[in-house]
Amino acid sequence: LAVAMVSSATLYGQLLRRGAVIVLDVAVLVTLIATCVSAPLLVDRGHGWVFGIAVAMYALPIIASLALWNAATAAVSGRLARTFLAPAGAAATLGAVLAGFASSGIVSWSGVAALPSFGAVLALAALALRIALHRQADTARAPGRPREPSRSRRAARGSARRLVTLLAAAAI
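Throughout the sequence shown, residue numbering follows the working numbering, covering 19 to 190 in sequence.
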């Protein structure tokens with residue numbers, strides 16, 4: 019599994035250098051959703067499908083997390099990045115901890131069979147959040163957009179707070 023993680027992260031990094039980041043990130047998240055949805059059917063087939071689903075369910079969430087982090091860091095720069103990344107990291111850590119507790123609760127409440135559906139819903143939410151981060155970054159960089167000197171710093175802080183909230187929600 020460690021080889022799958024390292025190789026998938028390396029492949030993701032190489033593909034990032036080649037072009038449209040949002041297309042790659044959407045493809046990763048859609049693949050994760052499809053894997054979550056098809057997991058119960060494929061695991062029931064047995065044999066190699068179990069191993070394939072296990073590797074995919076290990077590697078794809080890691081790459082999805084990388085995609086969301088790349089989106090968050092691309093949305094901020096300069097001083098804002100310095101003040102934004104620490105709370106974003108804390109929010110992502112909190113989200114991961116809450117997700118761990120939530121998965122334990124889901125398994126004890128409704129059984130292991132509910133985890134793929136829960137994962138698909140969360141991956142769908144992450145997809146929506148990734149698209150929102152992309153749109154926000156595009157809006158911030160729109161050419162000809164006038165800057166308001168008195169409100170620009172306050173607006174930037176508000177954007178950073180929204181990004182931290184989006185990242186925490188995506189981590190969950």
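No residue lacks a Cβ here, since even glycine has one placed at the ideal position from N, Cα and C.
Requested in this report: Could you tell me the boundaries of the alpha helix (DSSP H) in which A131 lies?
Outcome: It is not in any alpha helix (DSSP H) - A131 carries neither H nor E in the DSSP assignment.
Requested in this report: In angstroms with no decimal places, state the Cα-to-Cα distance between W87 and A57.
Outcome: 26 Å
Query - Cα-Cα separation, G70 to A90 - result: 30 Å
Query raised in the report: Are there three or more Cβ pairs, one per stretch, closer than 8 Å when the segment 71-87 is compared with the segment 36-50?
Result: yes
**Report entry** Entirely enclosed beta strand (DSSP E) segments - the segment 68-108, minimum 3 residues
**Finding:** none
Query raised in the report: Are the segment 115-123 and the segment 67-81 touching by the rule of at least three beta carbon pairs closer than 8 Å?
Result: no
Query - Through-space distance from G137 to R63, alpha-carbon basis - result: 20 Å
Report task. Would you kindly work out how many angstroms separate the C-alpha atoms of R148 and V21, rounded to a whole number? Result -> 26 Å
**Report entry** Rounded C-alpha distance that separates L42 from A82
**Finding:** 10 Å
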